[in-house]
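Trainee: Just dropping this structure here.
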Amino acid sequence: VYLVLAQPYPGWSVSVLAYGPPVVSVRFTSSSRTLTCTISADSDGIVEHAGDC
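Heads up: the sequence shown begins at -18 in this note's numbering, then just goes up one per residue.
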């Protein structure tokens, strides 16, 4: 599993909440909004997205 974080838009910060199989969770925070994206994969390789992604 590879996690690539692009440079966020100005005013946004990025924090990695969990990194490692089978879950990657990233939080994007600005002054007015917080977006959380969680990507998980099960043993069959099925990828699921949750949150703001």
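Quick reminder that beta carbons are idealized off the backbone N, C-alpha and C, glycines included.
1) With 16 as the cutoff for other CB atoms within 10 Å, does Val(-3) come out buried or exposed?
2) Considering only C-alpha positions, which residue in the set Tyr0, Leu16, Val4 is nearest to Ser(-6)?
3) By the 10 Å Cβ neighbour count, where 16 or more other Cβ atoms means buried, how is Val28 classified, buried or exposed?
4) Please report the residue range of the beta strand (DSSP E) in which Gly(-8) lies.
5) Which residues in the same chain have their Cβ closer than 6 angstroms to the Cβ of Arg8, if we skip the five residues on either side of it in sequence?
Mentor: Straight from the coordinates:
1) exposed
2) Leu16
3) Exposed, by the Cβ-count rule.
4) No beta strand (DSSP E) contains Gly(-8), which DSSP labels as neither H nor E.
5) Here Arg8 has Ser(-4), Leu(-2), Thr17 as same chain residues with Cβ atoms under 6 angstroms from its own Cβ, once five neighbours each way along the sequence are excluded.
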